[in-house]
Amino acid sequence: MSQTLYFLAEKKPAGRDFVKNRVSVVQYSREPAVQFYLNTYMTQGEILDSVRGLRHKGGRPLNTGAALQYLSDNVFTVSAGSRRLEGVPQVLILLSGGRSADNVDTPASALKQLGVLTFAIGTRGSDSAELQRLSSDPSHALSVSDFTDLPSVQEQLSSLNMSQTLYFLAEKKPAGRDFVFLLDGSDATRSGFPAMRDFVQSVVQTLSVDDSKDRVSVVQYSREPAVQFYLNTYTTQGEILDSVRGLRHRGGRPLNTGAALQYLSDNVFTVSAGSRRLEGVPQVLILLSGGRSADNVDAQAAALKQLGVLTFAIGTRNSDSKELQKIAHSPTYALSKTKAWNGFPAMLDFVERVVEKLNVGENKDRVSVVQYSIDAEAHFYLNTYTTKDDIVGSVRGLRHRGGRAPNTGAALQYVRDNVLTSSAGSRHLQGVPQILILLNGGRSSDNVDTPASTLKQLGVLTFAIGTRGSDSAELQRLSSDPSHALSVSDFTDLPSVQEQLSSVMSRLNMPQTLYFLAEKKPAGRDFVFLLDGSDATRSGFPAMRDFVQSVVQTLSVDDSKDRVSVVQYSREPAVQFYLNTYTTQGEILDSVRGLRHRGGRPLNTGAALQYLSDNVFTVSAGSRRLEGVTQVLILLSGGRSADNVDAQAAALKQLGVLTFAIGTRNSDSKELQKIAHSPTYALSVSEFNDLPSVRKLLKSTPDIFFTEITPESPTIPVDTAKKDIVFLLDGSDGTRNGFPAMLDFVERVVEKLNVGENKDRVSVVQYSIDAEAHFYLNTYTTKDDIVGSVRGLRHRGGRAPNTGAALQYVRDNVLTSSAGSRHLQGVPQILILLNGGRSSDNVDTPASTLKQLGVLTFAIGTRGSDSAELQRLSSDPSHALSVSDFTDLPSVQEQLSSVMMPVLPKKPAGRDFVFLLDGSDATRSGFPAMRDFVQSVVQTLSGDDSKNRVSVVQYSREPAVQFYLNTYMTQGEILDSVRGLRHKGGRPLNTGAALQYLSDNVFTVSAGSRRLEGVPQVLILLSGGRSADNVDAQAAVLKQLGVLTFAIGTRGSDSAELQRLSSDPSHALSVSDFTDLPSVQEQLSSVMSRVLVRSTPRTPTVTVLSEYVHHKRRYCGFGQRVETQRRQSPEHRGSPPVRQGQCPYKLRWKQAPARCSTDSDPANGGRSSDNVDTPASTLKQLGVLTFAIGTRGSDSAELQRLSSDPSHALSVSDFTDLPSVQEQLSSVMSRVLVRSTPRTPTVTGKKVTDFYIPKS
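In the numbering used here, the protein residues as written are 41 to 1296.
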């Protein structure tokens, strides 16, 4: 091959004339590697010398498609020396020895679109059909029996007379143009479509079609494009005009301009569709668009520019001018009737007029203004100004922000989290009405439903005012009531709705209607019955109907106390009647008697619960929740839900809905308990005919609604006498020969198990592109049944082993209670993966998820597997085993069995206590009492015998660690530090961010946490107010980690939030003021002693093997030598190469066992293009000490998140300044390593060798 390259290069003109031709060489296997670019060498001699020095790359598989794509993206570009845009012919000569392992069609087509002339030369191992598809023309596909015969095609290659083939463009001046009209046919352009059609006609009439110079095509689009006619459909002007006159508006939504542009690249600007682009005929695109695209247009617009298409983008006042400019060939080719920001002054005038009518004052009306586009920004908060003049003055000074996408959903969430909060001046906790007036000029580019629903749940009255560019249905969803959605043709017409707005607001009489619950104890209740109407309940539905009637007959409906609603569901819910539909008992009973069974499947209880939150427990549907009326939900369910119910059930609890879940023998009792307000409210009957037996209990429940709820145990005891074992078998094409050996291995492992319903359970899953369970954990209960099923398995086959998707499948479909998994009962979960090759999808996230669940994963691979990937797949790198071939599996069976042997969990001594203290402005006076409380609790602990550890974190806007769990080892040191605590101050109070910080930085091995050793983790939160950010996800993460959280608040706190923060609602305690903290200390001690006695680690399989893991970790020294090694032939990995900022050094650990090296030092030159939070958090959990060093191009906040501690984030102006931080880095490292304790993997027995970067 190199001789052929040498020959071709030698045939080119030498000396100064060689600058006419340029050459690049790329070698590839799994991925491509550039040997040199088109602009690397300028003389023939340099190229020949480089070709002589080529070395074979090696590797597999052969990804020709990826290599071609790489050429499009990185070689046939201006920066890499390509002169394609100057009209210089682009020639690709491909030498391939086999069939590609990936798809070549799309990248080959892309090269053809770029005008690249491709000659594909293959051997007997190649696929001749593939070679022809790769070539720009089938005649350009050549073949030899072996690469040693390449000289035989050199003459053939020359005989193709490339000079005549390639350079005719320069000789011939083609006449004419190819015009493509792309017309917006969405719903929004219905009235304007005749004008668009007339415009196309008027342009066509000016063209020279009849003499074969100009060609025309018309495409109309909304959700997807549709060709009206191609460039080669008509050859006369008359035919084109007739077709244009007959155009009919398509309609539809959304408007996907990006997809339409991509369609033009792939299907219209092509030779087969009549395009003469490759002949040098100018390509013109005229886009007529009436609104903003719902999808991204950037890549597609850039692709058309790459093809040399001259694009004119014409929009209306509803279009996005910035988007039009991006689509157009240049900004000057973007034409628009109006500018988007012309309406902003009218908005400001409207705000000013509304403010003028208010009674502004500290204890009267308050005002805030927020402006948004892609993101939102508060110009001033509710507590910023207290006079009308100040507000009006600030409004007059506002400037239009600009920005492409109106993300209304994100803006609503911003208002919820940052404006309608106590710290920002909101008085919603005092019963003051909260009103949001939204002025909106177009459809949101993100989802608005969830944030709009959240505002409704908070009782915020939202008025959404839009223009003709807005989506009326969206405005209604945004508003607290559909009647609050108002519309004007343009913002200059806003005065016309001001009177209407004032009228609606005055009619609401909100202080009496919405917020009188603090003044009055309302009578009555709102009852909602949610009935399972799926196919499985057909015979039991009459009994359900009778039950509803019997309950309704006991209610006080006629005197307007009680209200009733009935909803039936299967796949989706359907309201039979709302809470405000009927006002008499007779009407309700008549409607219930007339109920008919819906039928359908599956049973989506989660979706039904979400529907109730959004559509039934709302003011507009008759709910009186905001008036303090008790909300009761009675669910009658005959089976297990096909979707997830956790988040939706939690949402109802957040709303204060008292849910009773009544099921039958076919229902999932654990699911019912999760749905119910508390486990005691989950009731069960053998069948629906037995419902009368629970009616008496239900009838008496109003008296016990607010009695103490039995707390659920937050921890799971470990049962080591049982195991749930899942075998995941690679059934892709590459394992066909080894599959019988896999089955033998499974059979031998099963033979050694103690199989039984209450003993060991087994499941087998096979996968390639997708996964399939052959049998579940609860399918068979005897060893003979399992072995018989295994012997009958057949190899699935399939090209790509998608191991990541298979792990996710196991997580979602096998390791679940319904499939027989007993993880909630503390039974160890074991996954044995037999893998024959590298995964074709990402495995990190699903593998991490399984580790989080405590699944013990053993990954066994062959020589075709990726050893690094096997280690990442395994729960511990030592659990990654390898054999040369699947027939050698018996050799690892003994090793696997020894690790799987049940080990009794160690009874860990001591506890890790973390105190999280609210240090915001609101707690200044109470801080001494908080400090005294911490001291008194610490004094009760055994601090000097290394049993208990303590950490203190203070927070307001962001958290600050006072000391970590491994900072002090004696009680005296801890007490001294606590006495010296100073109030932090600041606002707002971001409790959610503080909890996240604890997960990432405090409850970690490097910070002294002994969670992985089974030591109970206790968090005591002292909070004086409601959090300004969301706490739900972060609190859930701590619960997942097994942290026992006790939340103690004052009168300023939100009691519901405290319960959500706590690991159990009974762990939420309250005092009127922090000076009363001593009154709850006894209660706290009592609860803690009760809970901690029964608590065990949340991840039982980790505890079962803690002795094993601890044993391995004990011998991991930290004294391994760190060295810097100069790379051979240093090259920057980017493309094309950048000669500045190269770092020709790499760090490596010598003889470092898996998971023993705990320092990481990424040098970073820019912001990450993907999310860093989860992997960074994972490293912290592993105890890795990460130092992130960035330049001026880096994101400082991201560097801090990447680092194991914010102080480990260092910065230089440029990488050439790295020596300036060396001393600082050494200092921080020595400080950190000195304070490490013997229990953490960061301890050193001797000084670490010098850490340095040599100067060249």
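Note that beta-carbon positions come from the ideal geometry of N, C-alpha and C, so glycine has one too.
Buried is the label assigned to residue 716, since at least 16 other Cβ atoms lie within 10 Å of its Cβ.
When the five nearest sequence neighbours on each side are left out, the beta carbons in the same chain lying within less than 6 Å of the beta carbon of residue 352 are those of 326, 373, in order along the chain. By the C-beta criterion, the segment 1022-1032 is judged not to be in contact with the segment 415-424, since fewer than 3 inter-stretch pairs fall below 8 Å. Residue pairing for residue 159: DSSP places it in a beta bridge opposite 133. Cβ contact annotation for residue 347 (same chain, cutoff 8 Å, sequence separation greater than five): 153, 154, 305, 309, 317, 323, in chain order.
Following the DSSP letters along the chain, one finds residue 110 inside the alpha helix (DSSP H) bounded by residues 104-110.
Under the DSSP assignment, residue 809 falls outside any beta strand (DSSP E); it carries neither an H nor an E label. Per the Cβ contact rule, the segment 844-852 is in contact with the segment 884-896 (3 or more Cβ pairs under 8 Å). Residue 1100 and residue 618 have their C-alpha atoms spaced approximately 29 Å apart. Taking C-beta atoms as the reference points, residue 1026 and residue 961 count as a pair closer than 8 Å. When secondary structure is reduced to three states using DSSP, residue 101 falls in the coil class, being assigned neither helix nor strand.
Listed in chain order, the non-local C-beta contacts of residue 567 below 6 Å within the same chain comprise 604, 672, local neighbours out to five positions each way being set aside.
By the CB criterion at 8 Å, residue 1077 and residue 1106 fall outside the cutoff. The DSSP assignment places 581-592, 625-633, 645-651 as complete runs of the alpha helix (DSSP H) inside the segment 575-661, in order along the chain (cut-off: 4 residues).
In this structure, DSSP gives residue 169 a helical state, which the three-state scheme calls helix. Membership of residue 517 in the alpha helix (DSSP H) is indicated by the continuous run 512-518. Within a 10 Å sphere around the beta-carbon of residue 170 sit 16 or more other beta-carbons, which makes this residue buried. In the three-state DSSP reduction, residue 1004 falls in the coil class, being neither helix nor strand. In the structure shown, the three-state DSSP call for residue 1246 is helix. Annotation note: the segment 452-477 contains no uninterrupted alpha helix (DSSP H) run of length 4 or greater. Collapsing the DSSP output to three states places residue 238 in a helix. Inclusion of residue 1063 and residue 1093 in the CB contact set at 8 Å is warranted, their separation being smaller than that value. Cβ-Cβ distances below 8 Å link residue 620 to 603, 661, 662 in the same chain, with the five nearest sequence neighbours on each side left out; the list follows chain order. If one requires a minimum length of 3 residues, the beta strand (DSSP E) runs lying completely within the segment 821-886 are 869-875, in chain order. DSSP, read as helix, strand or coil, puts residue 313 in coil. Looking from the CA of residue 350, the closest CA among 392, 431, 219 belongs to 219. For residue 570, the beta-bridge partners assigned by DSSP are 607, 675.
Rounded to whole angstroms, the separation of the alpha carbons of residue 1228 and residue 992 is 25 Å.
By a beta-carbon distance limit of 8 Å, residue 835 contacts residue 771. Their separation comes to about 6 Å. Nearest Cα to residue 343 within the set 150, 110, 1110: 150. In the DSSP secondary-structure assignment, residue 417 is bridged to 411. DSSP places residue 257 in the strand class (E or B) of the three-state scheme.
Counting along the chain, no beta strand (DSSP E) covers residue 1016; the unbroken alpha helix (DSSP H) around it starts and ends at 1011-1019.
In terms of Cα proximity to residue 141, the closest of 105, 571, 176, 185 is 105. Beta bridge pairing from DSSP links residue 114 with no other residue. In the structure shown, the three-state DSSP call for residue 138 is coil.
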